[in-house]
Amino acid sequence: MSLFENSITYTFNFWKENISKIFLYQLLFLLVYGLSVFVIIIGLIFFFFVAFPLSLIPFAILAGIGFILLLVFNYVQLAGYSLMVK
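Going by this note's numbering, the sequence shown opens with residue 18, and the numbers climb by one from there.
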């Protein structure tokens, strides 16, 4: 078998063995990404429509927390995939 055929076989076997784990990872992180983006959008909406007459700080912090969550879970997802590869 050539190297190309070996890599295809390995990839196919990896997906066959780990498809449920990969699906759960994707579902979990899509949920987290969705929540993070939602927090960012809500934070920005409040920042532009509410925070100017009131205090700016809490809503800016809310948007910042959402953005930080996005970055953190991006690294967690990469770590999860690298752990699955063994």
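From the three backbone atoms N, C-alpha and C, an ideal C-beta is built for every residue, glycine too.
In this text, all values refer to a predicted model and were calculated from it rather than measured experimentally.
- Between the alpha carbons of Ile59 and Ile39 lies a gap of roughly 30 angstroms.
- By the CB criterion at 8 angstroms, Phe84 and Phe46 fall outside the cutoff.
- Within the same chain, Ile39 come within 8 angstroms of Trp32 by CB-CB distance, once the 5 residues on both sides are set aside.
- Out of Phe66, Val54, Ile62, Pro75, the CA that lies nearest to the CA of Leu86 is found in Val54.
- The Cβ atoms of Tyr42 and Gln94 sit closer than 8 angstroms to each other.
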